[in-house]
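Report on the following structure.
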Amino acid sequence: AIRLAPSAQLASVHFARVSAGLLDAAASAEGDLGWNLNTIGVVWDGDPTSMRVIIPYVLTITKTAPGGTPKPVIQIEVFMRLDYNFPGGDMPAPEELRHVAAVLGVMHSWPYFRSEVQALTAKLELPPLTLPTIVSGHVEKMATVRELTEAEKTVAVVSTAPAAPVVSLATA
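Just so you know, the sequence shown maps onto residues 5 to 176 in our numbering.
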């Protein structure tokens, strides 16, 4: 990704879905907050001069009452599409694109995700949750990556998980 990063230009970031849902309204007001981030299932698609990367973040905020076990209280979903251009038609090989999609996609989208989590937790009257910064070496542990299948390209959508929202890959 380091070698290819200069040739990949981030053209746009689209928020396809931002939601926060209360999982346990009866959760005690007392306790420590924690969080769990689902594995990020990065999906990408490209043509000779551009690439689209879908980044679906799903974060569960937990609360642990004194002497208790963590209980999920809120789920936050932020799905983004990042559009990259490769000027001059220097599109990397699919094996390289897979790596670029994962590393650059997560690295470019993480600050937006952190900001949304902090804002949403504050709006939900929880202490604002600030997620840590990450470096490219973290991505391998946080994400999986795959290219869109031909069937998905035909309908131009991708479902990132069972019962998850469908995210359009159209370049609108």
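Even for Gly, the Cβ is constructed at its ideal location relative to N, Cα and C.
Rounding to the nearest angstrom, what Cα-Cα distance links residue i and residue j in this structure?
i: Ser113; j: Leu86; result: 8 Å
i: Pro76; j: Thr53; result: 43 Å
i: Gln79; j: Val22; result: 11 Å
i: Glu151; j: Val62; result: 20 Å
i: Glu81; j: Pro91; result: 32 Å
i: Glu154; j: Met95; result: 19 Å
i: Pro60; j: Val139; result: 18 Å
i: Met55; j: Phe117; result: 20 Å
i: Val171; j: Ile44; result: Annotation note: pLDDT 35 at Val171 (below 50); position unreliable, coordinate value reported separately. Val171 and Ile44: Cα-Cα distance of roughly 14 Å.
i: Lys127; j: Gly141; result: 32 Å
i: Val57; j: Gly109; result: 6 Å
i: Val149; j: Ala97; result: 15 Å
i: Ser119; j: Leu27; result: 21 Å
If the criterion is Cβ atoms closer than 9 Å, does the pair residue i and residue j meet it?
i: Met111; j: Val17; result: no
i: Val121; j: Thr134; result: yes
i: Thr66; j: Gly25; result: no
i: Leu14; j: Met146; result: no
i: Asp36; j: Thr64; result: no
i: Ala20; j: Asn89; result: no
i: Val144; j: Ala106; result: It should be noted that the sequence gives Glu, not Val, for residue 144. Result yes, Cβ atoms of Glu144 and Ala106 sit closer than 9 Å.
i: Pro132; j: Thr125; result: yes
i: Glu129; j: Pro70; result: no
Compute the minimum distance between the beta carbon of residue i and the heavy atoms of the ligand SAM, and state whether it is under 8 Å.
i: Arg56; result: Of the ligands one can find in the structure shown there are none, so the ligand SAM has no counterpart to examine.
Per DSSP, which residues does residue i bridge with? Please list them.
i: Ser23; result: Glu81
i: Ser16; result: Asp87
*Any chance the stretch 98-116 sits against the stretch 44-53, with 3 or more Cβ pairs inside 8 Å?*
Short answer: they touch.
*Enumerated in chain order, which unbroken segments of the alpha helix (DSSP H) with a length of 4 residues or greater are wholly contained in the stretch 113-151?*
List check, alpha helix (DSSP H) in window: 140-146.
*Mind pulling the alpha helix (DSSP H) runs of 4 or more residues that sit fully within the stretch 26-109?*
Within the stretch 26-109, no complete alpha helix (DSSP H) run reaches 4 residues.
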